[in-house]
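Take 232 as the starting number for the sequence shown in the numbering used here and just add one per residue.
Ideal Cβ placement from N, Cα and C applies to all residues, glycine included.
Contents: one structure, followed by commentary.
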Amino acid sequence: MIPLDQLEPSQLNVRKVAASASDDAELLASIRETGIKQNLVVHALSETRFAVDAGGRRFKALRQLVEDGVIPADHLIPCLVEDECNAVLTSATENLQRAAMHPADQFEAFDKMIAEGRSEDEIALKFGVSVDLVRRRLKLARVAPEIIEQFRAGDLTLECVMAFTLTDDHDRQLAVWNAVKGGYHIHPQSIKRQLTETAHSANSALGRFVGIEAYEAAGGVLLRDLFDDRASAHMENPELLERLAIEKLQAAAKPFEAAWKWVEVHLSVDYGAFRSFGRVYPQDIDPDPDLLAEEERLIAREEELAAQNDGEDWTDAETEEYYAIEPRLREIEALQRERQPYADADRTIAGVVLTIGHDGALRVEKGLVRPEDIPAAPEPDEITENADGAPSPARPQVTPPTSSTPVPTSDPAATLRKADGISASLADDLRATRQHILRAHLAADFEVAFDAMLYALCEQALGRSYNNEALEISIRPFQAQNREVLHADTVAQKMLEALEQDLATDWMTLEKPEDFQAMSALPLADKQALFAWATGLAVKPQLSSDNRPSPIIEEIGARLDVDVAACWRPTAQNYWGRVNKGHAVATARKLIGDDYAEDRNRERKGDFAAAMERAFAETAGETEGFDAATVARTTRWLPDGMVFAGATEAVADMSNVAPEAGEGDMPAADALAETENEEPSSLPAFLSGDAA
232 MIPLDQLEPS QLNVRKVAAS ASDDAELLAS IRETGIKQNL VVHALSETRF AVDAGGRRFK
292 ALRQLVEDGV IPADHLIPCL VEDECNAVLT SATENLQRAA MHPADQFEAF DKMIAEGRSE
352 DEIALKFGVS VDLVRRRLKL ARVAPEIIEQ FRAGDLTLEC VMAFTLTDDH DRQLAVWNAV
412 KGGYHIHPQS IKRQLTETAH SANSALGRFV GIEAYEAAGG VLLRDLFDDR ASAHMENPEL
472 LERLAIEKLQ AAAKPFEAAW KWVEVHLSVD YGAFRSFGRV YPQDIDPDPD LLAEEERLIA
532 REEELAAQND GEDWTDAETE EYYAIEPRLR EIEALQRERQ PYADADRTIA GVVLTIGHDG
592 ALRVEKGLVR PEDIPAAPEP DEITENADGA PSPARPQVTP PTSSTPVPTS DPAATLRKAD
652 GISASLADDL RATRQHILRA HLAADFEVAF DAMLYALCEQ ALGRSYNNEA LEISIRPFQA
712 QNREVLHADT VAQKMLEALE QDLATDWMTL EKPEDFQAMS ALPLADKQAL FAWATGLAVK
772 PQLSSDNRPS PIIEEIGARL DVDVAACWRP TAQNYWGRVN KGHAVATARK LIGDDYAEDR
832 NRERKGDFAA AMERAFAETA GETEGFDAAT VARTTRWLPD GMVFAGATEA VADMSNVAPE
892 AGEGDMPAAD ALAETENEEP SSLPAFLSGD AA
């Protein structure tokens, strides 16, 4: 251990070219934080003076620490003392016989430090580098181990490994690696392109409309290239991005719903699609005087600035002012246009489309008239006169479409379901299940069935549809494609089987017209049962969350007080195994708790689906050990769209959570538990006796 003030640089050190300032800064920071980890190699000049043959950069850093007041001038330094004759050999050996650490080893070392509890800032301080550099190296450490091994083996360049850091999803990384590894030359850009092929750029119209903050707040994964500051970020979850956009469009559409015949939202509309609509236009009114005055002032100022030598003599403030005028003039024009009202008669036949403009801003097209809503030209006797005596048609003036292309259709409900992994086939099954449950309840209630059928008959018989023909009123029973699986041993199926057994159908074996005479002679109660049964067959399938659902079906379900949760529970087969795992995790977190969701999230999807089936079954309280409040939520939960609004309350989706069950309360599912153990012909308790 030799005092630092007894050491001096050696003339025999073979390193003549100094290291870079950044390298020296890293070494200085490391020694400042952790001290000297390796001996200096010196030879004696005298009893109290020594020359440093190997370790000159460390010696330089130590003297800098003395100048900075970090260590004293006589700080003891570990040294290996050799003969002067070996000085050149020692210096050359230290500088030549060493290999730089492989980059993979370097960033994995950083990752281990993080695992030990060190922060990014702490690591940056100890090694004298920026926090940004630490983050980049840690990002490299999160590349799939299989790809890192290819890098170690020399089959991949560092630039290619950096390209894989766009996502932390190892499965996605390996899928892309398997796709590109057979190529003659693996290029970083081809890796980036494949990683982002299903993602949306944050600079796209959709990305700008939603915004990065809203997207990340909803749990979206953002792909950022930490190694290229010029590259655009990408939004990796297109289904989530589209759902957020639809929800934002629907919120913007709310104010228009009361005033117009229809309102639709579209993520995008093809160029020229609006030419397929007819048009009504707003009424002319005097412009707002304040906006008009501002517009005139801005135009005058714009001309004044333009006259100043074409802008060559503008100050920075004048330049900024000039280029802000045109956007403000467009805003004023839009505000003046918004003030112009549409006639009430025009709004009764016209609608509004809200979509996303090419610049990522909300685009609202008002006054659109579907071809079937365009009124016929008025007859001569329908012409009235205005106050000034000029003729005025009694019907709205509609500019006809300029294109025969069908008007664009919108189905935002399907887009919203995609984010939760609810496929079209699963949505079809949920509709069929809901229809089957509603049919069973409707078949047991003549009064509601009669009103529903009478309404349908009147709608066809008294309506003004051009397709109506004399007495062509028929029931087209709905049959789900996989009904044997969907309906087997369900509460609704048992209800229907019990009701069918009690139908008075002996008259159907007779010849015509004796069969009609026999049916006519049946008691009223038997006729009611037959009528309700037939009406139940005709009810259509729908989810309340569908695009433009029939409010009549929802009213029928509410009037019957259909308790869907008591008739159907989500299982691994009919729901949890068919949806996005993220949707299942979010549902578990909301209704059960964070700990349960995190524990189950580590499981394979099949095991997770089975666990969710148990957690959301009627017997969850017994099998899972949940408290009463949790049981009240999970045993009543239903996917979005399954509940009939106004019927027995259930926990629909994640937004409506049932209150804690009071003492003595009995979940409706328990009330039907006995029916599951009875013969298939038995009715649930609430339909037994005189209920039918």
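Problem set entry | Neighbour-count burial assignment, Arg-864, 16 or more Cβ in a 10 Å radius | buried
For this session: Mind listing, in chain order, the continuous beta strand (DSSP E) runs of no fewer than 3 residues lying wholly within the stretch 460-506?
Result: 493-496
Exercise. What's the gap between the Cα of Asp-575 and the Cα of Leu-585?
Worked result: 20 Å
Exercise. By a C-beta neighbour count over all protein chains shown, 10 Å radius and 16 as the cutoff for buried, is Glu-894 buried or exposed?
Worked result: Per-residue confidence for Glu-894 stands at a pLDDT of 37, beneath the threshold of 50, marking its modelled position as unreliable; no derived number is given.
Exercise. Which parts of the stretch 751-789 are runs of the alpha helix (DSSP H), unbroken and 4 residues or longer, counting only runs that do not cross its ends?
Worked result: 755-769
Exercise. What are the residues that DSSP puts in a beta bridge with Leu-593?
Worked result: Ile-587
Problem set entry | Sufficient close CB pairs (3 or more, under 8 Å) joining the stretch 728-740 to the stretch 760-770 | yes
For this session: Return the residue from the list Asp-871, Leu-397, Val-583 that minimises the CA-CA distance to Val-494.
Result: Val-583
Problem set entry | Rounded straight-line distance, which links the Cα of Tyr-502 to that of Tyr-554 | Tyr-554 and Tyr-502: Cα-Cα distance of roughly 29 Å.
Exercise. What span of residues does the alpha helix (DSSP H) with Leu-271 cover, start to end?
Worked result: The continuous stretches of alpha helix (DSSP H) do not include Leu-271, which lies in the beta strand (DSSP E) extending over residues 271-275.
For this session: Please report how far the alpha carbon of Leu-669 lies from the alpha carbon of Gln-710, in whole angstroms.
Result: Cα to Cα, the separation comes out at about 14 Å.
Problem set entry | Candidates Arg-474, Glu-557, Met-739, of which the one nearest Ala-648 by Cα | Correcting the residue identity first, residue 648 is Arg in this sequence and not Ala. Closest option to Arg-648, Cα to Cα, is Arg-474.
For this session: Express the C-alpha separation of Asn-270 and His-306 in angstroms, rounding to a whole number.
Result: So the alpha carbons of these two residues sit roughly 14 Å apart.
For this session: Can you say whether Asp-825 is buried or exposed, counting buried as having 16 or more other CB atoms within 10 angstroms of its CB?
Result: The residue is exposed, with fewer than 16 neighbouring Cβ atoms inside 10 Å.
Problem set entry | Cα-Cα separation, Ala-260 to Gln-295 | Taking the CA atoms as reference points, Ala-260 sits about 11 Å from Gln-295.
Exercise. Under a Cβ-count criterion, where at least 16 other Cβ atoms within 10 Å of its own Cβ denotes burial, should Met-739 be classed as buried or exposed?
Worked result: exposed
For this session: Please work out which residues of its chain come closer than 6 Å, Cβ to Cβ, to Ala-889, disregarding the five sequence neighbours upstream and downstream, and give them in chain order.
Result: Its pLDDT being 38, under 50, Ala-889 is placed unreliably by the model, and the measurement read from it follows with that caveat. Same-chain partners within the cutoff: Ala-863, Arg-864, Arg-867, Val-882.
Problem set entry | Same chain, Cβ closer than 7 Å to Val-452, five either side skipped, listed in chain order | Glu-467, Asn-468
For this session: From the DSSP output, in three-state form, read off Val-283 for me.
Result: strand
Exercise. Would Asn-713 be called buried (16 or more neighbouring beta carbons within 10 Å of its own) or exposed?
Worked result: exposed
Exercise. Using the C-alpha atoms, what's the distance from Ala-803 back to Ala-841?
Worked result: Cα to Cα, Ala-841 sits roughly 5 Å from Ala-803.
Exercise. Between which two residues does the alpha helix (DSSP H) carrying Cys-310 extend?
Worked result: First-last for Cys-310: 310-312, but that is the beta strand (DSSP E), not the alpha helix (DSSP H).
Exercise. When the Cβ atoms of the stretch 432-444 are set against those of the stretch 398-412, are three or more pairs found closer than 8 Å?
Worked result: In short, these stretches do not touch, since the Cβ pair count stays below three.
For this session: Classify Asn-434 as buried or exposed, calling it buried when 16 or more other Cβ atoms lie within 10 Å of its own Cβ.
Result: exposed
Problem set entry | Distance between Leu-311 and Asp-236 (C-alpha atoms, nearest Å) | 16 Å
Exercise. Near Pro-898, which residues of its chain fall below 6 Å by C-beta distance, leaving aside the five closest residues on each side in sequence?
Worked result: Bear in mind that the predicted position of Pro-898 carries a pLDDT of just 38, short of 50, making it unreliable; the figure below should be weighed with that in mind. Thr-866.
For this session: May I ask you to list the residues that DSSP assigns as paired with Leu-599?
Result: In DSSP, Leu-599 forms a bridge with Arg-510, Gly-582.
Exercise. Which residues bound the alpha helix (DSSP H) around Leu-240?
Worked result: According to the sequence shown, residue 240 is Pro rather than Leu. Per DSSP, Pro-240 belongs to no alpha helix (DSSP H); it is in the beta strand (DSSP E), 238-240.
Exercise. So, using beta-carbon positions, are Gly-288 and Leu-320 closer together than 8 Å?
Worked result: One point to set straight first is that residue 288 is Arg, not Gly, in the sequence displayed. Not a contact, by the Cβ cut-off of 8 Å.
Exercise. From Pro-572 to Val-500, what does the alpha carbon distance come to, in whole angstroms?
Worked result: 25 Å
Exercise. In this structure, does DSSP put Ser-432 in helix, strand or coil?
Worked result: strand
Exercise. Regarding Arg-601 and the ligand FAD, is the C-beta to nearest heavy atom distance less than 7 Å?
Worked result: You won't find the ligand FAD in this model; it holds no ligand whatsoever.
For this session: Compute the beta-carbon to beta-carbon distance between Ile-605 and Pro-639, rounded to the nearest angstrom, for a pair I have assumed lies under 8 Å.
Result: About 17 Å; that fails the 8 Å criterion.
Exercise. Where does Cys-316 land, buried or exposed, given buried means 16+ other C-beta within 10 angstroms?
Worked result: exposed
Problem set entry | Tyr-553: first and last residue of the uninterrupted alpha helix (DSSP H) it sits in | 547-570
For this session: Go through the stretch 385-423 residue by residue and report every complete run of the alpha helix (DSSP H) that reaches 4 residues or more, in order.
Result: 389-395, 401-411
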